[in-house]
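Report on one structure; see the data block that follows.
Number of protein chains: 2
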Amino acid sequence: MVKRLVVVGGDAAGGSAASQARKRDPGLDVVMFERGRATSYSACGIPYWIGGAVDSEAQLIARTPEQHRAAGIDVRMRTEVVGVDLDRRVVHWRELDGDGQGREPFDDLVLATGSVPMRPPVPGIDAEGVHGVQVLDDGVALREQLSREGVRRVVVVGGGYIGLEIAEACRVRGLDVTVVDLSATPIGTFDPDVGALIADAVRREGIRLVLSDPVTAIEVDRTGRARAVLTRSGLELPADVVVLGLGVRPDVRLAREAGVPLGTSGGIAVDARMRTEAEGVWAAGDCVESRHRLSGQRVVVALGTHANKQGRVAGINIGGGYATFPGVIGTAITKICSLEAARTGLSSEEAELAGYSFVTAAVESTTKAGYFPGAQPIRVKMIAERRSGRLLGAQVIGDAGSAKRIDALAICIWNEMTVDEVLSLDLSYAPPFSPVWDPVLIAARKAFEAVEEDIRGLL
Amino acid sequence: MVKRLVVVGGDAAGGSAASQARKRDPGLDVVMFERGRATSYSACGIPYWIGGAVDSEAQLIARTPEQHRAAGIDVRMRTEVVGVDLDRRVVHWRELDGDGQGREPFDDLVLATGSVPMRPPVPGIDAEGVHGVQVLDDGVALREQLSREGVRRVVVVGGGYIGLEIAEACRVRGLDVTVVDLSATPIGTFDPDVGALIADAVRREGIRLVLSDPVTAIEVDRTGRARAVLTRSGLELPADVVVLGLGVRPDVRLAREAGVPLGTSGGIAVDARMRTEAEGVWAAGDCVESRHRLSGQRVVVALGTHANKQGRVAGINIGGGYATFPGVIGTAITKICSLEAARTGLSSEEAELAGYSFVTAAVESTTKAGYFPGAQPIRVKMIAERRSGRLLGAQVIGDAGSAKRIDALAICIWNEMTVDEVLSLDLSYAPPFSPVWDPVLIAARKAFEAVEEDIRGLL
């Protein structure tokens, strides 16, 4: 008898799982349900399409439904899975553009249900004119709104990665943009000193930044449309369009209702092979939790790169192979106007919460030899465990050519290197690429000195 | 009694050793001898000064003699150490611009004598108009020659890093440039497929590249000046200036004459703390050999970044601290016209010589998400050990934003990661910085598939 795999969700994780499983086991029947109008697209690319750096929506799509079908996957677009019956081993679905509904049996099931934007519980949050930016269809809707005549003022609620990327996109479109956030610095996963530099860069682009000020309500006009954002300090920020940039939470409704266990973080609990605790049920992408290799905690990190890897791992295992997803260390990167910023491992606050005792060190250097044309400022900050000197976290911020250096530091952390091991690394050097002491190595030197000084203080 | 440190050579290694030793032990007497006119300068920057990207010679100098003196180091410029007497513990010196000579006692001695350009043993090689590019004074002399009226044709002998960098600099100056090399592709430390791409880039800049053709003689005119380079195939390449870009060999004359043991590679033998086998004698920089962490062999790698680190290590140890230099893995990077190229670990040929059995994999990707403006082509090649899948080497080539990614791979190799471990790494992702699968990860995937396929072939 032919085995059947049902995949719920056709973006990064679902699409990868379906493709890999089918590739490994060409006899497998694969049915993939997708609620939206696109499969396997780059959600991370939406801000750049809105800002105009990317010409067309189609460019964001890595694999269309037709391409998936050509690979032997039965793709059901605009079809929502509304229930999972684990005992009968069927999913219930309904068409979003028609009256069709039905059930689909499965042997294996992949839940790749993604995430939903966080919505603060304030009055007016569900009003017309308040936009999340989660799936491609959200991006389409927001872009349409921003193009309407008379739209001039945008308020972005939340100054995280997506919030700032959308704010920049709106600014590029010539709009009047305000970002409001309850924290003292934007992107709270950076240390405050780095966050302050991000704030400066955002303001330099002419974006208004309202910090340490939670949103208390969205004011709605007589037609039921958002017209202003109100804050605790009493600000009234007029808005033709409001965008939610508060991050996302895992969409676990289906899993919860079906009885698939969730983890401590609220995401679907999976093992390293992406198996849930329910027999034959797998999960991958924004809806699952991952092991943080440094804190030991389970965390939900909604990022396309993890979704792709997790989907691939699930698909390989379903197809009869063996693969694991070994966890995350919190690497992230973003471009904020002309500034690049990246982080990996634990921030100072996260290290504190995880129970580490640590020192920090930061250095200013240049992306190329100081005398080389185009050398840009770069700042590298390191967080190192006291006594052992183990590298726990790093943050890089600077102009063009800065941020991607975070990968080197991510790999140091992954391999549990100490800062004095880092400073001896054989990294590449030539004047067009770095000073003779690479900024990463200079930071490691300074962090090592901080560890040593701290030890002398303990004696 | 005050201890005295004598340092022979005042560039990267010597300058670092002197500075660190003095910093750690402020009571130490430090005398540093330098034959040339500059201390602590960037030899790697010379091509960019010749090409005009760097305005002035002064910009290449990280620390002047005056700055060293202000740090308490007794710097003796234009003074050559002509002999070391290990029994009497003195060095003999003579001034190059005067008649002065004398002896200087030492307790500790650092040999940082650098390297000398390789000169093929062919007729005419010592003629006027044949230039090495080793120390800053060589750069000054070459620049002067290139600026002379009537100089139009330059022949560079040797297509390694320095050879190509100088060729490009001459081309930027509007000169007619030919590079001649005995290998089939330039920069022999890259695999031939990567070398072929480098050759294409060089030719696209209008540089003539003569390959697989050894130089047999430098033809000299009646005044004793070089006028053409002759090759085995019978070419006669007219030259107003000839530049030697054949690489360097360690300058070990002083060490050898003094009885300081050399290693198997021809460099001065040192341990991880940069001690030679002679009591109280240390060595660092281009004149020493290092342990290659993959081949296990001793190798001489003349590179400013190693010289700085080794000098620092020697200085810390001399000053009463403890530090080690843990070896090299052959990381190197270069910009050839608009192309960036980098390598780390072993090339296919080196892996073969070191006795490894391996597979290779190469992928083409982009430096940013494919749809993102400014995405550039990048090619990543990996060399992985058969069966184990251990990453042995990697080469990256592409347009702007490609080559510095080699650092990530260098750290993978340093930590003895396998390619399947590499493909799970938590590397940074956002559309302005990479596709959702970073090129490094795609290459690791493909290398892992090659390892797996090879294992299936063995069964």
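In order, the protein sequence lines correspond to chains Z and L. Here the working numbering is used: the first sequence runs in plain steps of one and ends on residue 459. Here the working numbering is used: the second sequence runs in plain steps of one and ends on residue 1459. The beta carbon of each residue, even a glycine, is placed where N, CA and C say it ideally should be.
Residue 1033 (chain L) has L:1008, L:1076 as its beta-bridge partners, per DSSP.
For the C-beta of residue 1054 (chain L), the chain Z residues within less than 9 angstroms are, from N- to C-terminus, 369, 371, 372, 373, 431. For residue 1426 (chain L), the closest Cβ of chain Z is nearer than 7 angstroms. Contact annotation: the region 423–433 of chain Z touches the region 1325–1337 of chain L, with at least three C-beta pairs closer than 8 angstroms. In this structure, the beta-carbon distance from residue 1210 (chain L) to residue 1218 (chain L) does not fall below 7 angstroms.
The criterion of a C-beta distance shorter than 7 angstroms is satisfied by residue 1321 (chain L) and residue 1024 (chain L).
Taking a C-beta distance under 7 angstroms as the contact criterion, residue 1426 (chain L) and residue 328 (chain Z) qualify as a contact pair. Short of 7 angstroms from the beta carbon of residue 1139 (chain L), and not among the five residues preceding or following it, lie these beta carbons of its own chain, in chain order: 1046, 1049, 1050, 1133. Nearest in C-alpha terms to residue 417 (chain Z), of all of Z:438, Z:449, Z:404, Z:390, is Z:390. Comparing alpha carbon positions, the residue from L:1191, L:1404, L:1268 closest to residue 1253 (chain L) is L:1268. For residue 1067 (chain L), the nearest beta carbon of chain Z is not closer than 7 angstroms to its own beta carbon. DSSP links residue 366 (chain Z) through a beta bridge to Z:377. The Cβ atoms of residue 1423 (chain L) and residue 1448 (chain L) sit closer than 7 angstroms to each other. When the five nearest sequence neighbours on each side are left out, the beta carbons in the same chain lying within less than 6 angstroms of the beta carbon of residue 1300 (chain L) are those of 1250, 1265, 1267, 1289, in order along the chain. Nearest C-alpha to residue 387 (chain Z) among Z:353, Z:214, Z:451, Z:305: Z:451. The shortest C-alpha to C-alpha distance from residue 1104 (chain L) to any of L:1181, L:1114, L:1081 is the one to L:1081.
Within the region 384–428 of chain Z, the complete beta strand (DSSP E) segments of 3 residues or longer fall at 391–398, listed in chain order. Shown here for residue 1152 (chain L): same chain residues with a beta carbon closer than 8 angstroms to its own, the five before and five after excluded, namely 1175, 1176, 1240 in chain order.
Among the bridge pairs identified by DSSP, residue 117 (chain Z) is matched with Z:248.
Runs of beta strand (DSSP E) with 3 or more residues, each lying fully within the region 1297–1354 of chain L, are found at 1332–1336, 1339–1345, listed in chain order. Under the DSSP definition of a beta bridge, residue 1085 (chain L) partners with L:1090. Contact with chain Z is absent for residue 1272 (chain L), since none of that chain's Cβ atoms lies less than 7 angstroms from the residue's Cβ. According to the DSSP secondary-structure assignment, residue 104 (chain Z) is paired through a beta bridge with Z:91. Burial check for residue 1001 (chain L): the Cβ neighbour count within 10 Å stays below 16, so the residue is exposed.
Residues of the same chain with a CB within less than 7 angstroms of the CB of residue 191 (chain Z), apart from the 5 flanking positions on each side, are 347, 348, 381, 395 in chain order. Residue pairing by DSSP leaves residue 171 (chain Z) without any beta bridge partner. Shown here, residue 1293 (chain L) sits in coil according to DSSP, grouped into three states, outside any helix or strand. Annotation: the region 1121–1165 of chain L contains the following complete segments of the beta strand (DSSP E) (minimum length 3 residues), in chain order: 1130–1132, 1153–1157. Contact between residue 413 (chain Z) and residue 344 (chain Z) holds: their C-beta atoms lie close to 6 angstroms from each other, under 8 angstroms. In this structure the region 93–113 of chain Z touches the region 275–283 of chain Z; the number of beta carbon pairs closer than 8 angstroms is three or more.
Under the DSSP definition of a beta bridge, residue 231 (chain Z) partners with Z:215. Taking residue 1169 (chain L) as the centre and dropping the five residues before and after it, the same chain places the C-beta of 1047, 1050, 1051 closer than 6 angstroms to its C-beta, in chain order. Spatial neighbours of residue 127 (chain Z) in its own chain (CB-CB distance under 7 angstroms, excluding positions within 5 residues in sequence) are listed in chain order as 218, 220, 224, 225, 226. In the assembly as shown, residue 455 (chain Z) is an exposed residue. Its beta-carbon has fewer than 16 other beta-carbons within 10 Å. Closer than 7 angstroms at the C-beta level to chain L, one finds these residues of the region 22–46 of chain Z: 42, 44, 45.
Inclusion of residue 302 (chain Z) and residue 13 (chain Z) in the CB contact set at 7 angstroms is not warranted, their separation being larger than that value.
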